[in-house]
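Numbering of the sequence shown is given in our numbering, commencing with residue 3 and proceeding in unit increments. The beta-carbon is built from N, C-alpha and C at its ideal position, and this holds for glycine as well.
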Amino acid sequence: MKVGIPKEILANENRVAAVPDSVGKMTKGGMEVLVESGAGSASCISDEDYVKAGARIVTNPEELFSESDVILKVQKPRLNDKTKKHEIDMMKEGAVLVTFLQPTANLDIVLKLAERKISAFSMDAVPRISRAQMMDALSSMSTVAGYKAVIMAANAMKKLIPMLSTAAGTIHPAKAVIIGAGVAGLQAIATAKRLGAVVTGFDTRPAAGEQIRSLGAEFVPMDVAHDAAEDAGGYAKEQSQEFYKQEQDIIRKHSKDADIIITTALIPGKPAPTLITEEMVKEMKPGSVIVDLSVEQGGNCALSEAGQDVVKHGVTVIGTVNLPSTLPVHASQLYARNILNFLYLLAPDKKDLNIDLSDEIIKGSLITHNGEIVSPVVKEAVAKANISYPSGNISRSHW
Numbered sequence: 003m004k005v006g007i008p009k010e011i012l013a014n015e016n017r018v019a020a021v022p023d024s025v026g027k028m029t030k031g032g033m034e035v036l037v038e039s040g041a042g043s044a045s046c047i048s049d050e051d052y053v054k055a056g057a058r059i060v061t062n063p064e065e066l067f068s069e070s071d072v073i074l075k076v077q078k079p080r081l082n083d084k085t086k087k088h089e090i091d092m093m094k095e096g097a098v099l100v101t102f103l104q105p106t107a108n109l110d111i112v113l114k115l116a117e118r119k120i121s122a123f124s125m126d127a128v129p130r131i132s133r134a135q136m137m138d139a140l141s142s143m144s145t146v147a148g149y150k151a152v153i154m155a156a157n158a159m160k161k162l163i164p165m166l167s168t169a170a171g172t173i174h175p176a177k178a179v180i181i182g183a184g185v186a187g188l189q190a191i192a193t194a195k196r197l198g199a200v201v202t203g204f205d206t207r208p209a210a211g212e213q214i215r216s217l218g219a220e221f222v223p224m225d226v227a228h229d230a231a232e233d234a235g236g237y238a239k240e241q242s243q244e245f246y247k248q249e250q251d252i253i254r255k256h257s258k259d260a261d262i263i264i265t266t267a268l269i270p271g272k273p274a275p276t277l278i279t280e281e282m283v284k285e286m287k288p289g290s291v292i293v294d295l296s297v298e299q300g301g302n303c304a305l306s307e308a309g310q311d312v313v314k315h316g317v318t319v320i321g322t323v324n325l326p327s328t329l330p331v332h333a334s335q336l337y338a339r340n341i342l343n344f345l346y347l348l349a350p351d352k353k354d355l356n357i358d359l360s361d362e363i364i365k366g367s368l369i370t371h372n373g374e375i376v377s378p379v380v381k382e383a384v385a386k387a388n389i390s391y392p393s394g395n396i397s398r399s400h401w
């Protein structure tokens with residue numbers, strides 16, 4: 003079995019899907035690994051490092067895609083300016099693709115994968131079950147993002163974070179409010195505490211309170227039943243506008259005095275809820291900072307702009323996208339471990355593919371297979387978009 007590791011071509015994407023350690027494990031298990039030249043350079047990995055791990059370096063991306071039985075990527079496939087061909091078109095028919103697809107937001111890519119008869123697995127669709135923890139790339143990347151969010155806030159802030167007792171007097175610690183206590187939020191809380199901030203954590207799920215308190219932060223609860231606050235997978239559920247207004251009112255009591263606010267609230271498959279209004283920003287202290295980790299899904303702050311850092315009403319609002327890519331060395335290491343464990347699930351003997359559709363993890367993360375869209379959620383999204391299906395009836399105008 004040949005496994006291909008292409009160089010990511012999205013601008014400012016510095017991660018890579020395999021590192022020398024994971025490549026070495028693949029080759030020792032009997033897989034042949036092809037790595038595109040320069041694939042790891044942004045993660046401080048040289049071609050020579052991959053060669054030492056047993057990989058073969060390929061300079062032509064078209065050669066890599068056409069030869070590989072399995073393609074491991076970070077970002078969704080896209081048009082390669084070097085070859086003037088789409089990455090999907092360079093893959094051989096019936097190959098396997100493992101990457102972050104965000105399929106409901108990229109239906110054109112899904113349809114193209116189905117037509118090419120690619121078996122496409124999305125790492126953001128791996129079920130949140132205990133057996134899949136080693137493959138949970140979303141959690142790995144959220145850990146990196148939560149940490150970096152606090153570092154960015156500290157850099158943008160015009161004051162120190164910890165309490166300092168000096169000969170010139172005492173400096174009081176900064177106050178940090180973290181909204182959302184998923185993996186990113188909890189890592190942000192832990193990082194802010196390590197830097198010496200007084201931290202308040204907020205989440206709609208009562209179960210998050212214990213986790214927040216365990217990190218030494220204050221928990222701000224919401225009066226909402228557990229089964230109404232989260233779905234069966236443990237994710238926050240979409241609520242009514244009245245509920246979000248109630249949330250805003252509670253957050254407002256803390257945001258006025260905050261030096262740092264980090265928002266992480268997301269609803270799977272839905273726009274991020276607005277939790278920080280412009281009026282709330284106006285009430286914040288001049289020089290304070292908001293880091294919106296949900297900006298790529300519309301943002302939790304009404305003033306956030308994707309890919310931009312803006313100053314509104316004296317408050318810096320940071321909307322940096324793809325935060326894990328800003329720390330590519332460790333982000334790549336974590337992702338490579340996740341994706342290697344997933345590959346072992348697809349190839350239990352570490353040599354040949356065996357896509358076992360009875361396996362909950364494989365079935366849950368499989369988006370397209372044998373020329374069909376097999377994910378019920380994605381099928382529903384295609385139907386709502388009123389796109390003809392099966393793929394043979396899809397006009398290329400949708401691409």
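Pull the bridge partners of residue i from the DSSP assignment, please.
i	result
N82	K87
L368	F123
S167	T172
T265	I181, D294
E362	For E362, which the question treats as bridged, DSSP gives no partner whatsoever.
V72	V5, V98
V201	A178
V222	F204
I375	T370
I252	Paired residue(s): none; I252 is not in a bridge.
I278	C303
Could you check whether residue j and residue i sit closer than 8 angstroms to each other, using their CB atoms as the reference points?
i	j	result
M137	V291	no
I73	I181	no
T266	L295	yes
T11	S39	According to the sequence provided, residue 11 is Ile. The question's Thr does not apply to it. No, these two residues do not count as a Cβ contact at 8 angstroms.
A183	A210	yes
L115	A387	no
E280	L305	yes
M125	A349	no
Q250	L277	yes
V380	T61	no
S32	K353	It is Gly, not Ser, that sits at residue 32 in the sequence shown. In contact: G32 and K353 (Cβ atoms closer than 8 angstroms).
I252	M224	yes
V35	Y337	no
T193	E220	no
CB of residue i to nearest heavy atom of the ligand PLP: below 7 angstroms?
i	result
A134	The ligand content of the structure shown is nil, which means the ligand PLP is not present either.
Kindly indicate which residue of the options has the alpha-carbon position closest to the one of residue i.
i	options	result
N302	D261, K247, V72	K247
D91	A267, I364, A107, E69	E69
E64	K87, K284, S45	K87
S242	R254, A274, G211, H256	A274
V293	T322, H332, E281	T322
P288	L115, S257, A308, N14	S257
L347	I7, M28, N16	M28
N157	L197, I214, D83, G171	L197
H174	D261, I389, I7, S334	D261
K161	K195, A170, A199, R133	A199
T206	G32, V379, F245, L336	F245
S141	A186, A155, M154	A186
D71	E362, A338, L355	L355
A44	E34, V18, I252	V18
I320	A338, V283, L113, D351	V283
Q189	V384, I363, G218, F67	G218
A437	E212, V152, I389	No answer is possible for residue 437: it lies beyond the span of the chain, which begins at 3 and ends at 401.
E374	N82, G96, N16	G96
K78	K9, G203, E34, L66	K9
key: Three or more C-beta pairs below 8 angstroms linking the stretch 99 to 115 and the stretch 306 to 326   = no
request  = Only counting runs of 4 or more residues, tell me where the alpha helix (DSSP H) segments fall wholly within the stretch 18 to 70, in order along the chain.
outcome  = 22 to 30, 49 to 54, 63 to 69
inquiry  = Please give the ranges of any alpha helix (DSSP H) in the stretch 288 to 346, keeping only runs that are unbroken, at least 4 residues long and fully inside the region.
reply    = none
ask   = Counting Cβ pairs, one atom from each stretch, are 3 or more of them under 8 angstroms apart for the stretch 50 to 59 and the stretch 24 to 42?
value = yes
task = Determine contact between the stretch 118 to 131 and the stretch 144 to 157, defined as no fewer than three beta-carbon pairs at a distance below 8 angstroms.
result = no
Cβ contact (3+ pairs, closer than 8 angstroms) linking the stretch 309 to 317 and the stretch 338 to 345 = no
query = Do three or more CB pairs link the stretch 360 to 368 to the stretch 128 to 135 at distances below 8 angstroms?
reply = yes
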